[in-house]
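**Student:** Have a look at the structure that comes next, please.
Number of protein chains: 2
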Amino acid sequence: MKIVIDIPGWLEEYTRLNRVFNSDEEKMLMAIEIARKSIENGGGPFGAVITNAKTGEVISAGANLVVRDNLSILHAEIVAIMMAQKRVGSYSLAKIGEFELFSSSEPCAMCLGAILWSGVKKVVWSASSKTARKVGFDEGPVYEKSWNYLKSKGIEIKSGLKQKEAEANLYLYKEKNGVIYNP
Amino acid sequence: MKIVIDIPGWLEEYTRLNRVFNSDEEKMLMAIEIARKSIENGGGPFGAVITNAKTGEVISAGANLVVRDNLSILHAEIVAIMMAQKRVGSYSLAKIGEFELFSSSEPCAMCLGAILWSGVKKVVWSASSKTARKVGFDEGPVYEKSWNYLKSKGIEIKSGLKQKEAEANLYLYKEKNGVIYNP
């Protein structure tokens, strides 16, 4: 049996633009644009990108593919982590270099754990979990001390970047009656 | 780009035995046997099975494929959840019926979140995270209130079943100098 995750062409395209970013804001705006594009393509309202911290290059992009693929683990962050690890050929990005994850929303309990194992050295998110919950998404057991655990392992955390822009996507999704795919 | 997870033949075989279980102990012993077989096949010392709670049938099996596939998310529980969801054709097992996950070790922070989104109604584990940590595996930020959050969502939790048998695999892995694939 093979489990095949066929990355949508529109999503992979974001890693082929050869754009080099000079600021966290620009990287976050790409993650937010992916979230918007994901809604247009019938997916969940979340986007993520992983960049090389040294060069500013985009190494992978993720969108929420839970409903399309019938796989509850396929949150945007997980898709971005899998794509990045396949590209560098390692189960730990930390063994290859310095990478950072930008997510359009605060990662849920599963993604928080996945970020810890991924080997990224920095995680930045935009929309708050409070807003995600308000539109209907459960975020699971995430506590301040959960993020502090990641910090204690050397992962840099930054939140609330371009928050208004990211939360607009969540409200748009709610307006469009997008599927809330909690179990 | 396609991300392909090719389930090992020896692992898939566990779902083809047509064994019907009548007790949690029997289901756990299969998860522990998978963990042992995983070590023999060069994988991480963890195994999982998902069964249909009503019929006692094994619907999926998981082993730790992190190192083989260079994907840090491929813990045994994640592999079992993906296989089960692909088989029933839904991102939520709860939409299909009543399913339960047996894991040879206490799930890590990522898998705890993944269990919440999977739609299983019950989770049972064997080896304690304390022992997993002792042989070198980080488990991430998992707190008593994290599990209580799952309980509050209607998920039944049971721990310590056949613990001695499961922990023997962890010690065996350490003895064999198995890869500790923390980032």
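Heads up: the sequence lines are chains A and B, in that order.
Position 65 of the first sequence, counted from 1, bears residue number 65 in our numbering, the numbering being contiguous throughout.
Position 63 of the second sequence, counted from 1, bears residue number 1063 in our numbering, the numbering being contiguous throughout.
Note that the Cβ used here is the ideal one computed from N, Cα and C, for glycine as well.
Every value quoted in this text rests on a predicted model; they were computed, and no experiment measured them.
Does any residue of chain B bring its CB to less than 8 Å from the CB of S90 of chain A?
**Tutor:** As a position in the first sequence, residue 90 of chain A is number 90, starting the count at 1. Output row for S90 of chain A: interface = yes.
**Student:** Among B:G1056, B:E1156, B:V1049 and B:E1175, which residue has its Cα nearest to the Cα of F1102 of chain B?
**Tutor:** Your numbering for residue 1102 of chain B matches position 102 in the second sequence. For F1102 of chain B, the nearest C-alpha among the options comes from B:V1049.
**Student:** Assign G1119 of chain B to one of two classes, buried (16 or more other C-beta atoms within 10 Å of its C-beta) or exposed (fewer than that).
**Tutor:** Within the second sequence, numbered from 1, the residue matching residue 1119 of chain B stands at position 119. That one is buried.
**Student:** If you run the structure through DSSP and keep just helix, strand and coil, what is G56 of chain A?
**Tutor:** Numbered from 1 along the first sequence, position 56 holds the residue referred to as residue 56 of chain A. G56 of chain A: coil per DSSP, three-state reduction.
**Student:** According to DSSP, what are the bridge partners of T1131 of chain B?
**Tutor:** The residue labelled residue 1131 of chain B in the question sits at position 131 within the second sequence. For T1131 of chain B, which the question treats as bridged, DSSP gives no partner whatsoever.
**Student:** Specify, as a first and last residue, the run of the alpha helix (DSSP H) that E106 of chain A falls within.
**Tutor:** Here residue 106 of chain A corresponds to residue number 106 of the first sequence, with the count starting at 1. No alpha helix (DSSP H) contains E106 of chain A, which DSSP labels as neither H nor E.
**Student:** Determine the chain A residues that contact E1012 of chain B at a beta-carbon separation under 8 Å, and present them in chain order.
**Tutor:** Stepping through the second sequence from its first residue, residue 1012 of chain B is reached at position 12. Result: M1.
**Student:** Which value, in whole angstroms, describes the spacing of the CA atoms of S146 of chain A and V124 of chain A?
**Tutor:** The residue labelled residue 146 of chain A in the question sits at position 146 within the first sequence. The residue labelled residue 124 of chain A in the question sits at position 124 within the first sequence. C-alpha separation (whole angstroms): 15 Å.
**Student:** In angstroms, rounded to a whole number, what distance separates the CA positions of G184 of chain A and V1088 of chain B?
**Tutor:** One cannot answer for residue 184 of chain A here, as it falls past the ends of chain A, which runs 1 to 183.
**Student:** Assuming F1099 of chain B and A1084 of chain B make a contact with CB atoms under 8 Å, what is their CB distance in whole Å?
**Tutor:** Taking the first residue of the second sequence as position 1, residue 1099 of chain B is located at position 99. Taking the first residue of the second sequence as position 1, residue 1084 of chain B is located at position 84. Indeed, because the Cβ distance is near 7 Å, the residues count as touching under 8 Å.
**Student:** Would you say P45 of chain A faces chain B, with C-beta separation under 8 Å as the test?
**Tutor:** Position 45 of the first sequence, counted from the start, is the residue given in the question as residue 45 of chain A. It does not: the Cβ of P45 of chain A has no partner Cβ on chain B nearer than 8 Å.
**Student:** Check whether the Cβ of Y149 of chain A lies closer than 8 Å to any Cβ atom in chain B.
**Tutor:** For the purposes of this step, residue 149 of chain A is taken as the residue at position 149 of the first sequence. Chain B, which has a Cβ nearer than 8 Å to the Cβ of Y149 of chain A, makes this yes.
**Student:** Decide if S1023 of chain B is buried, meaning its Cβ has at least 16 other Cβ atoms within 10 Å, or exposed.
**Tutor:** Your numbering for residue 1023 of chain B matches position 23 in the second sequence. Exposed is the call here.
**Student:** Does K27 of chain A pass the burial test, meaning 16 or more other C-beta atoms within 10 Å, or should it be called exposed?
**Tutor:** For the purposes of this step, residue 27 of chain A is taken as the residue at position 27 of the first sequence. That one is buried.
**Student:** Between which two residues does the beta strand (DSSP E) holding I1157 of chain B run?
**Tutor:** Position 157 of the second sequence, counting from 1, holds the residue named residue 1157 of chain B. Residues E1156 to S1159.
**Student:** Roughly how many angstroms lie between the CA atoms of T131 of chain A and E12 of chain A, to the nearest whole one?
**Tutor:** Against the first sequence, residue 131 of chain A aligns to sequence position 131. Against the first sequence, residue 12 of chain A aligns to sequence position 12. Rounded to whole angstroms, T131 of chain A and E12 of chain A show a C-alpha spacing of 28 Å.
**Student:** So, does the CB of D1006 of chain B fall closer than 8 Å to a CB anywhere in chain A?
**Tutor:** As a position in the second sequence, residue 1006 of chain B is number 6, starting the count at 1. For D1006 of chain B, the answer is yes, since a Cβ of chain A falls inside 8 Å of its Cβ.
**Student:** Within 8 Å of any Cβ in chain B, is that where the Cβ of I34 of chain A sits?
**Tutor:** As a working mapping, residue 34 of chain A is identified with position 34 in the first sequence. Judged by the 8 Å Cβ criterion, I34 of chain A is not in contact with chain B.
**Student:** Around the C-beta of D1006 of chain B, are 16 or more other C-beta atoms found within 10 angstroms, so that it is buried, or is it exposed?
**Tutor:** For this step, residue 1006 of chain B is matched to residue 6 along the second sequence. Flag for D1006 of chain B reads exposed.
**Student:** Quick check on S152 of chain A: buried or exposed, where buried means 16 or more other Cβ atoms within 10 Å of its Cβ?
**Tutor:** Residue mapping note: residue 152 of chain A aligns to position 152 of the first sequence, counting from 1. S152 of chain A should be labelled exposed.
**Student:** Quick one: give me the first and last residue of the beta strand (DSSP E) that I3 of chain A is part of.
**Tutor:** To locate residue 3 of chain A, count along the first sequence from 1; it is residue 3. That run of the beta strand (DSSP E) goes K2 to D6.
**Student:** Going by DSSP, what residue range makes up the alpha helix (DSSP H) through I81 of chain A?
**Tutor:** In the first sequence, the residue the question calls residue 81 of chain A occupies position 81. A76 to V88 is the extent of the alpha helix (DSSP H) around I81 of chain A.
**Student:** Is it true that the CB of L161 of chain A sits closer than 8 Å to the CB of I39 of chain A?
**Tutor:** Sequence index remark: in the first sequence, residue 39 of chain A carries index 39 (1-based). Sequence index remark: in the first sequence, residue 161 of chain A carries index 161 (1-based). The answer is no: Cβ separation not under 8 Å.
**Student:** Along the chain, where does the alpha helix (DSSP H) containing G136 of chain A start, and where does it finish?
**Tutor:** Looking up residue 136 of chain A in the first sequence gives position 136. Per DSSP, G136 of chain A belongs to no alpha helix (DSSP H) and is neither H nor E.
**Student:** Are the CB atoms of G43 of chain A and R16 of chain A within a distance shorter than 8 Å?
**Tutor:** For this step, residue 16 of chain A is matched to residue 16 along the first sequence. For this step, residue 43 of chain A is matched to residue 43 along the first sequence. In this structure, G43 of chain A does not lie closer than 8 Å to R16 of chain A by Cβ.
**Student:** Name, please, each residue of chain B whose Cβ falls closer than 7 Å to the Cβ of V66 of chain A.
**Tutor:** Within the first sequence, numbered from 1, the residue matching residue 66 of chain A stands at position 66. Within chain B, the residues near V66 of chain A are Y1091.
**Student:** Candidates B:N1018, B:G1009 and B:A1031: which alpha carbon is nearest E1106 of chain B's?
**Tutor:** Here residue 1106 of chain B refers to the residue found at position 106 of the second sequence. Check the Cα spacing between E1106 of chain B and each of B:N1018, B:G1009 and B:A1031: the tightest is with B:A1031.
**Student:** Identify the contact partners of N1070 of chain B in chain A, using a Cβ-Cβ distance below 8 Å as the criterion.
**Tutor:** As a position in the second sequence, residue 1070 of chain B is number 70, starting the count at 1. Ordered by position in chain A, the residues that pass the 8 Å Cβ test against N1070 of chain B are Q85, K86, G89, S90 and Y91.
**Student:** Please determine whether the Cβ atom of R36 of chain A lies at a distance below 7 Å from any heavy atom of the ligand SAH.
**Tutor:** The model on display carries no ligand, and the ligand SAH is accordingly not part of it.
**Student:** Considering just the uninterrupted stretch of the alpha helix (DSSP H) at N148 of chain A, what are its terminal residues?
**Tutor:** Mapped onto the first sequence, residue 148 of chain A falls at position 148. That run of the alpha helix (DSSP H) goes E144 to S152.
**Student:** Determine the DSSP secondary structure at N64 of chain A, reduced to helix, strand or coil.
**Tutor:** By 1-based counting over the first sequence, the position of residue 64 of chain A is 64. In the structure shown, N64 of chain A falls within a strand segment according to DSSP collapsed to helix, strand and coil.
**Student:** Could you list which residues in chain B have their beta carbon closer than 9 Å to that of A94 of chain A, in chain order?
**Tutor:** Here residue 94 of chain A refers to the residue found at position 94 when the first sequence is read from its first residue. The contacting residues are P1183.
**Student:** Report yes if the C-beta distance between P1045 of chain B and N1169 of chain B is below 8 Å; otherwise report no.
**Tutor:** As a first step, residue 1045 of chain B is located in the second sequence; it is residue number 45 there, counting from the start. As a first step, residue 1169 of chain B is located in the second sequence; it is residue number 169 there, counting from the start. Taking 8 Å as the Cβ cut-off, P1045 of chain B and N1169 of chain B qualify as a contacting pair.
**Student:** Determine the closest residue to A189 of chain A out of B:Y1181, B:G1113 and B:S1128, with distance taken between C-alpha atoms.
**Tutor:** The structure shown has nothing for residue 189 of chain A, since chain A only spans 1 to 183.
**Student:** Drop a sphere of 10 angstroms on the beta-carbon of V4 of chain A, count the other beta-carbons inside from all chains shown, and report buried for 16 or more, exposed for fewer.
**Tutor:** Numbered from 1 along the first sequence, position 4 holds the residue referred to as residue 4 of chain A. By the 10 Å Cβ count, V4 of chain A comes out exposed.
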